[in-house]
Every structure is written in C-alpha cells, then in structure tokens.
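Student: Residue numbers (the UniProt record's numbering), protein chains in the order written: chain A, 1 to 245; chain B, 1 to 245.
Protein chains: 2
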Amino acid sequence: MGKLSVIGLGPGGVSGMTRQAFEALQGCELVVGYPVYLDLIREDFPEKEYFSTPMKQEIERCRKAVEEALAGKQVALLCSGDAGVYGMAGPVLELSEEYPPVEIEVISGVTAACAGAAVLGGALMHDFAVISLSDLLTPWDLIEKRLSLAAQGDFCIALYNPSSRKRKDHLKRACDILLRTREPETVCGIVRQIGREEQEKRILPLKDLRDTEVDMFTTVFIGNSQTKQVGEWMVTPRGYHLGKG
Amino acid sequence: MGKLSVIGLGPGGVSGMTRQAFEALQGCELVVGYPVYLDLIREDFPEKEYFSTPMKQEIERCRKAVEEALAGKQVALLCSGDAGVYGMAGPVLELSEEYPPVEIEVISGVTAACAGAAVLGGALMHDFAVISLSDLLTPWDLIEKRLSLAAQGDFCIALYNPSSRKRKDHLKRACDILLRTREPETVCGIVRQIGREEQEKRILPLKDLRDTEVDMFTTVFIGNSQTKQVGEWMVTPRGYHLGKG
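(1) Among the candidates A/Leu178, A/Ser134, A/Thr218 and A/Val187, whose CA atom is the shortest distance from the CA of A/Arg196?
(2) Does B/Gln20 come out as helix, strand or coil in the three-state DSSP assignment?
(3) Mapping the DSSP letters down to three states, classify A/Lys166 as helix, strand or coil.
(4) Which one of B/Phe221, B/Lys56 and B/Asp141 has the shortest CA to CA distance from A/His241?
(5) Considering Cα atoms alone, identify which of A/Gly33, A/Lys3, A/Gly12 and A/Tyr37 is closest to residue 293 of chain A.
(6) Take B/Arg182 and list the residues in its own chain whose beta-carbon comes closer than 7 Å to its own, dropping the five residues that flank it on each side.
(7) Going by other Cβ atoms of all chains shown within 10 Å of its Cβ, with 16 needed for buried, is A/Lys201 buried or exposed?
(8) If distances are taken between C-alpha atoms only, which option among A/Ala65, A/Glu98 and A/Glu58 comes closest to A/Leu137?
(9) Taking C-alpha atoms, which residue in B/Gly121, B/His126 and B/Arg63 lies nearest to B/Glu97?
(10) Comparing alpha-carbon positions, which option in B/Met234, B/Gln74 and B/Glu213 lies nearest B/Gly223?
(11) Is the distance from the Cβ of A/Asp127 to the Cβ of B/Ile131 below 8 Å?
(12) At 7 Å on the CB atoms, spell out the chain A contacts of B/Lys145, in chain order.
(13) In chain order, which beta strand (DSSP E) runs of at least 3 residues are fully inside the segment 154–216 of chain B?
(14) Measuring alpha carbon to alpha carbon, tell me which residue in A/Leu120, A/Ala117, A/Leu159 and A/Leu93 is nearest A/Asp135.
(15) According to DSSP, what are the bridge partners of B/Glu103?
(16) What is the DSSP secondary structure of B/Ser15, reduced to helix, strand or coil?
(17) Pop quiz: A/Gln229 and A/Ile190 are said to be a contact at Cβ under 8 Å. What is the actual Cβ separation, rounded to whole angstroms?
(18) Rounded to a whole number of angstroms, what is the C-alpha to C-alpha distance between residue 300 of chain A and B/Val66?
(19) Please classify B/Met17 as buried or exposed, where buried requires at least 16 neighbouring CB atoms within 10 angstroms.
(20) Report all residues from its chain with a CB closer than 7 Å to the CB of B/Val106; omit the five preceding and five following residues, and keep chain order.
(21) Do A/Val31 and A/His40 count as a contact pair if the criterion is CB distance below 8 Å?
(22) Do you know offhand how far A/Val75's Cα is from A/Glu68's?
(23) Can you check the segment 26–108 of chain A for any alpha helix (DSSP H) of at least 4 residues that lies completely inside it and give the ranges in chain order?
(24) Mind checking the segment 87–119 of chain A against chain B and listing, in chain order, the residues whose C-beta falls within less than 7 Å of any C-beta there?
(25) Less than 8 Å separating the beta-carbons of A/Tyr86 and B/Met125?
(26) With burial defined as no fewer than 16 other Cβ atoms inside 10 Å of the residue's Cβ, what is the status of A/Ala71: buried or exposed?
(27) Using a beta-carbon distance cut-off of less than 7 Å, what residues from the segment 53–66 of chain A approach chain B?
(28) Between B/Ser225, B/Leu93 and B/Met1, which lies nearest to B/Glu185 when the distance is taken from Cα to Cα?
(29) Can you tell me which of B/Trp140, B/Gly153 and B/Leu147 puts its alpha carbon nearest to the alpha carbon of A/Glu144?
(30) Could you tell me whether the Cβ of B/Asp176 comes closer than 8 Å to any Cβ of chain A?
(31) Below 8 Å between beta carbons: does that hold for B/Ala129 and B/Ile104?
(32) Thinking just about the alpha-carbon of each residue, which of B/Ala123, B/Ala113, B/Tyr99 and B/Glu94 is nearest to the one in B/Ser80?
(33) Please state the DSSP three-state secondary structure of B/Gln229.
(34) Who are the near neighbours of A/Thr236 in its chain, counting only those whose CB is closer than 7 Å to its CB and skipping five residues on each side?
(35) Take A/Val214 as the anchor and find which of A/Pro100, A/Arg146, A/Cys175 and A/Val110 has the nearest alpha-carbon.
(36) Where do the N-terminal and C-terminal ends of the beta strand (DSSP E) with A/Val220 fall, by residue?
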C-alpha cells in the first residue's frame with residue numbers, strides 16, 4: 001500500500017528541514033514538487049524519482065502525488081516552508097476525497113514568518129497575523145480588509161508574496177493601508193532568500209518600507225507599536241520585566 | 001569566544017527539530033531551558049551541561065545564557081516550538097544590550113500553529129492570526145480586541161495558552177467574542193501534546209468549542225468561513241480550482 005507524505009521543506013535546503021521530514025524523504029520513492037524546491041534536495045537524495053510541473057500547475061502536481069500513492073508508491077509531495085501555510089496540504093486533502101482512500105500524512109516545516117523573524121532577531125514575539133499580498137486566489141478587497149484590521153489590532157504582521165511580476169505596487173498599497181492606523185516610524189524588516197546563500201535582511205521604518213521595492217523571494221515584517229531595533233536586531237517585546245530585582 | 005544559539009525545538013522531541021538546530025545543540029557545551037524541554041533532548045545529548053530555572057524565571061535563564069556565552073562557553077538556549085513565537089529570542093536580545101557584545105544567533109523551529117495545523121490536516125492554509133490567551137504579560141482587553149478584529153477579518157486563528165490553572169474560562173470568553181461575528185458552525189480543531197506520544201486531536205464546531213475544556217498543552221484552531229471537514233481532516237481551502245479541465 002502506498003502512502004503520501006506532504007512535506008514542508010522549511011527555509012532553504014536540507015539543513016532547515018526537520019528530522020521527521022528528512023526521514024520521510026529518505027523513505028519515499030517518488031518526490032513531487034515545484035522544480036526550484038526539488039533542486040534544493042536533489043543532491044542529498046540522488047536516487048529518487050522526481051516529478052514536477054511548472055508554476056500554476058499545482059493541482060496537477062497534487063493529483064499525480066495522490067494517484068501514484070494509490071498505485072502503491074511511497075510518495076513525497078514537497079513544499080517550501082510549511083506545507084500548511086499557502087502550501088499544498090489543503091488542496092491535496094481536498095482532492096483526495098475524489099479518490100479511493102489513501103494514507104496521507106502532513107509533516108510541517110518552518111514557515112517563512114518564523115524563519116525570517118529569526119533572521120531579524122525576534123520580529124514576531126507577540127500576537128501576529130500572516131497575510132499574503134497575492135490576489136491570484138484572493139480578492140484584493142479582502143486582503144485590504146485584513147491588512148486594515150490587523151493594523152487596528154496592533155498585530156505584528158508577516159507579509160507573504162509582497163510582490164509579483166504583474167503587480168509591483170502591492171507592498172506600497174499595503175503600507176498605505178497600514179499607515180492609516182500605524183505610526184510612520186513603526187519598525188519593519190525585510191528578509192530575502194531566507195536560509196539560502198544569498199540571504200539578505202534590512203530593518204527600516206514603515207514610511208520607508210512603503211517606497212522600497214521587493215521581489216517575490218522576500219518576506220516582509222511589520223512590527224507592532226512596541227517593536228524596536230536593538231543593535232542589528234528587530235525585536236518585539238512581550239512584556240517581561242528585564243530588571244534583576 | 002563564546003556564542004549563544006537561541007534554538008526552537010519544534011513540536012515534541014528531537015525528530016521535530018531542524019537539522020540546523022540539532023547541529024547547534026551538538027556543538028554547544030551548555031544547554032539552558034525550562035526543565036520539561038531539557039528532558040526532551042537529554043537522552044540524545046547526555047554529555048552536555050544543563051541549566052534550568054522553573055516557570056516564571058525566564059529572565060534569569062536568559063541572563064545565565066548570555067553570561068555564560070560571555071565567559072566563553074558555547075551556549076544553547078532551548079525553547080519549545082519556535083524561539084520567536086512567545087519564546088525567548090526577544091527577551092534575550094533585549095537583555096544582551098546591557099552586556100558587552102556577544103555573538104547571538106536565532107534558529108527557528110516549527111511553532112505549534114504549524115505543527116498542530118498539520119496534525120489537523122490543513123487548518124491554516126489561508127491568512128491567519130496567532131493569539132495567546134494568556135493575560136500574564138498582556139492586558140485581557142487587548143486580547144479581546146485582537147480576537148474581535150481577527151474574527152471580523154475572517155482570519156483563521158491559532159490560539160496559544162488557551163487555558164491556565166488560574167483562569168479556566170479564557171477559551172469560553174474567547175469563543176463568545178468570536179461568536180459575535182462568526183457562525184456557530186465554523187469548523188474548529190484542538191490538538192493536544194503535539195508531536196508527543198500522547199498526541200490527540202478533535203474537530204468540532206465553534207459552538208461546541210465554547211463549552212470544551214482544554215488544558216495548557218493544547219493549541220486551538222478556529223477555521224475561517226470557508227474551512228471544512230474533509231473526512232478526518234480540517235481543511236481551509238485557498239481558492240484553487242480542483243477540476244481536471
């Protein structure tokens with residue numbers, strides 16, 4: 001009997017994976033995923049069979065994974081970050097209803113909100129919201145509404161997909177919404193290529209973030225009203241008394 | 001020169017850690033943390049020196065970690081889940097300002113929101129908010145405000161610290177706030193002892209969650225208006241068209 005493991009790769013390559021995810025990859029025969037993610041593990045697992053489809057063909061990928069598991073294979077469906085945060089865990093479970101029963105497990109990984117917050121120091125230490133600025137699958141109105149409510153609630157915010165080729169102004173529009181409620185000096189951070197060799201980070205106030213161009217490999221962090229810069233770090237205090245007494 | 005690695009253990013024990021976190025533990029001499037978390041790794045790292053303080057003495061723990069690193073030791077400060085989500089990354093970076101410069105790195109782990117969502121299937125697939133119901137360090141008014149705004153925004157919500165010995169009614173009060181905006185049939189989930197042997201999960205509507213007793217080892221998930229139960233799974237759709245055509 002086959003089995004389908006939906007695996008979050010975490011940030012970067014194999015060193016960011018959990019041991020559980022690594023062992024699931026070791027035990028599988030076929031790895032299915034977006035080409036870029038497959039390339040991150042190919043060297044460590046040269047003997048596997050690989051199957052990929054280009055961007056926007058996620059559902060074909062999910063179907064292939066389910067069908068091969070049903071045919072008896074041990075299959076890994078690989079996602080970047082966490083499979084349950086804008087990943088493939090949901091679609092594959094929804095799809096699986098159309099097929100005969102098949103064993104599925106979801107193995108989580110470190111999502112960019114957590115990995116990027118660590119690069120910045122402690123960007124999200126308190127209550128936070130995760131919002132994608134991609135309007136491919138979500139109406140822009142709903143994205144705006146969520147930005148506005150998260151700002152009103154003084155949540156720390158992690159923004160996924162802050163830019164795309166077609167809509168370069170998403171981050172600027174998001175910042176304008178946040179600036180209705182939040183101070184222009186709110187401490188923000190951007191992290192690019194988290195966990196990879198090209199990793200870069202920058203801490204800057206919200207008013208400057210508005211006019212900063214970012215690419216699709218960037219995760220953006222908005223601090224809450226208490227967030228501060230400590231040396232090179234972005235830190236959101238949680239309310240501990242730090243005094244010795 | 002010593003170094004301080006602030007490490008997120010992920011859910012459960014060593015198998016939920018990232019390889020990077022595991023290697024940082026291997027390379028350290030002293031492991032500092034809350035006793036329960038130290039016990040999760042002691043067997044895999046029997047040769048280390050350990051230092052712990054009881055609950056509510058987190059800051060003493062952080063000071064010890066910084067001071068030992070300054071004295072030249074390789075120190076690991078261990079947190080459950082992710083060190084940057086209600087963990088020690090923030091406090092230790094804030095504290096470090098009082099001391100001479102010391103090398104610090106933060107290594108993220110899988111936080112309970114992601115690990116629990118995976119146990120449930122795909123509970124958080126869309127925009128989500130993470131809110132702690134603990135009012136030890138946060139005024140209850142602010143927690144209520146955030147619950148209300150997250151509900152209005154139709155965010156998926158992960159609730160940390162849903163119960164404590166002193167305030168058993170936090171979850172009920174939170175549900176009452178959510179029920180002002182969200183349907184009583186909203187699909188919710190609870191996961192207990194994520195990643196450990198005693199792991200348990202349950203899917204239930206918001207109106208039943210209100211009257212459910214949970215303990216401090218539980219993470220609670222509130223779906224958005226689209227979240228559904230698919231077989232044994234809790235799944236929030238992201239908007240993909242699943243059809244073959």
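Glycine residues also receive a C-beta, built at the ideal position from the N, C-alpha and C atoms.
Tutor: Looking at the coordinates:
(1) Position 196 of the first sequence, counting from 1, holds the residue named residue 196 of chain A. Looking from the CA of A/Arg196, the closest CA among A/Leu178, A/Ser134, A/Thr218 and A/Val187 belongs to A/Thr218.
(2) Translated into positions along the second sequence, residue 20 of chain B becomes position 20. In the structure shown, the three-state DSSP call for B/Gln20 is helix.
(3) In the first sequence, residue 166 of chain A corresponds to position 166, counting from 1. Reduced to three states, the DSSP call for A/Lys166 is coil.
(4) For the purposes of this step, residue 241 of chain A is taken as the residue at position 241 of the first sequence. Nearest option by C-alpha distance: B/Lys56.
(5) Outside the shown range of chain A (1 to 245) lies residue 293 of chain A, about which nothing can therefore be said.
(6) One-based indexing of the second sequence puts residue 182 of chain B at position 182. Closer than 7 Å at the Cβ level, and outside the excluded window around B/Arg182, lie Ala151 and Leu206.
(7) Position 201 of the first sequence holds residue 201 of chain A. Under a 10 Å Cβ-count criterion, A/Lys201 is classified as buried, with 16 or more other Cβ atoms of the shown protein chains found around its own Cβ.
(8) Indexing the first sequence from 1 puts residue 137 of chain A at position 137. Among A/Ala65, A/Glu98 and A/Glu58, the Cα nearest to that of A/Leu137 belongs to A/Glu58.
(9) Translated into positions along the second sequence, residue 97 of chain B becomes position 97. Taking the Cα of B/Glu97 as reference, the smallest distance to any Cα among B/Gly121, B/His126 and B/Arg63 is reached at B/Arg63.
(10) Taking the second sequence and counting its residues from 1, one reaches residue 223 of chain B at position 223. Out of B/Met234, B/Gln74 and B/Glu213, the CA that lies nearest to the CA of B/Gly223 is found in B/Met234.
(11) Position 127 of the first sequence, counted from the first residue, corresponds to residue 127 of chain A. Position 131 of the second sequence, counted from the first residue, corresponds to residue 131 of chain B. Taking a C-beta distance under 8 Å as the contact criterion, A/Asp127 and B/Ile131 qualify as a contact pair.
(12) Here residue 145 of chain B corresponds to residue number 145 of the second sequence, with the count starting at 1. Ordered by position in chain A, the residues that pass the 7 Å Cβ test against B/Lys145 are Gly153.
(13) Segments of the beta strand (DSSP E) lying fully in the segment 154–216 of chain B: 156–160, 187–192 and 200–205.
(14) Reading the first sequence from its first residue, position 135 is the one you call residue 135 of chain A. Its Cα nearest to that of A/Asp135, the residue A/Leu159 stands out among A/Leu120, A/Ala117, A/Leu159 and A/Leu93.
(15) Stepping through the second sequence from its first residue, residue 103 of chain B is reached at position 103. Its beta-bridge partners are B/Lys3.
(16) Within the second sequence, the letter at position 15 stands for residue 15 of chain B. B/Ser15: helix per DSSP, three-state reduction.
(17) Translated into the one-based positions of the first sequence, residue 229 of chain A becomes position 229. Translated into the one-based positions of the first sequence, residue 190 of chain A becomes position 190. Cβ-Cβ separation between A/Gln229 and A/Ile190: approximately 14 Å, too far for a contact (criterion under 8 Å).
(18) As shown, chain A starts at 1 and ends at 245. That puts residue 300 of chain A outside it, with no answer to give.
(19) Looking up residue 17 of chain B in the second sequence gives position 17. Answer is buried; the Cβ neighbour count reaches 16.
(20) As a working note, residue 106 of chain B is residue 106 in the second sequence. Sequence-distant partners of B/Val106 (beyond 5 residues in either direction) whose C-beta falls short of 7 Å from its own C-beta, in its chain, are Val6, Ala83, Gly84 and Ala89.
(21) Start at 1 with the first residue of the first sequence, and residue 40 of chain A comes out as number 40. Start at 1 with the first residue of the first sequence, and residue 31 of chain A comes out as number 31. It should be pointed out that residue 40 of chain A corresponds to Leu in this sequence rather than to His. Taking 8 Å as the Cβ cut-off, A/Leu40 and A/Val31 do not qualify as a contacting pair.
(22) The residue you call residue 75 of chain A lines up with position 75 of the first sequence. The residue you call residue 68 of chain A lines up with position 68 of the first sequence. About 7 Å.
(23) The segment 26–108 of chain A contains, as complete alpha helix (DSSP H) runs of 4+ residues, the segments 35–41, 58–70 and 89–96 (chain order).
(24) Identification of residues in the segment 87–119 of chain A having a C-beta nearer than 7 Å to some C-beta of chain B yields Ala89, Gly90, Pro91, Leu93, Glu94, Leu95, Glu97, Val106, Ile107, Ser108, Gly109, Val110, Thr111, Cys114, Ala115, Ala117 and Ala118, given in sequence order.
(25) Here residue 86 of chain A refers to the residue found at position 86 of the first sequence. Here residue 125 of chain B refers to the residue found at position 125 of the second sequence. Yes, Cβ-Cβ distance for A/Tyr86 and B/Met125 is below 8 Å.
(26) In the first sequence, the residue the question calls residue 71 of chain A occupies position 71. Burial call: exposed.
(27) Within the segment 53–66 of chain A, the qualifying residues are Glu58 and Ile59.
(28) Walking along the second sequence from the start, residue 185 of chain B turns up at place 185. Answer by Cα proximity: B/Ser225.
(29) Position 144 of the first sequence, counting from 1, holds the residue named residue 144 of chain A. If we check each option's Cα against that of A/Glu144, B/Gly153 comes out closest.
(30) Numbered from 1 along the second sequence, position 176 holds the residue referred to as residue 176 of chain B. For B/Asp176, no Cβ of chain A is located within less than 8 Å of the residue's own Cβ.
(31) Along the second sequence, one-based indexing puts residue 129 of chain B at 129. Along the second sequence, one-based indexing puts residue 104 of chain B at 104. Contact flag unset, no.
(32) Numbered from its first residue, the second sequence carries residue 80 of chain B at position 80. Per the C-alpha coordinates, the member of B/Ala123, B/Ala113, B/Tyr99 and B/Glu94 positioned closest to B/Ser80 is B/Ala113.
(33) For the purposes of this step, residue 229 of chain B is identified with residue 229 of the second sequence, where counting begins at 1. It is a strand residue.
(34) On the first sequence, residue 236 of chain A is found 236 positions in, with the first residue counted as 1. Shown here for A/Thr236: same chain residues with a beta carbon closer than 7 Å to its own, the five before and five after excluded, namely Gly122, Ala123, Leu124, Met125, His126, Cys156, Gly223, Asn224, Gln226 and Thr227 in chain order.
(35) On the first sequence, position 214 is the one that residue 214 of chain A refers to. Sorting A/Pro100, A/Arg146, A/Cys175 and A/Val110 by C-alpha distance to the C-alpha of A/Val214 places A/Cys175 at the top.
(36) Along the first sequence, read from residue 1 onward, the residue named residue 220 of chain A stands at position 220. Its beta strand (DSSP E) spans residues Thr218 to Ile222.
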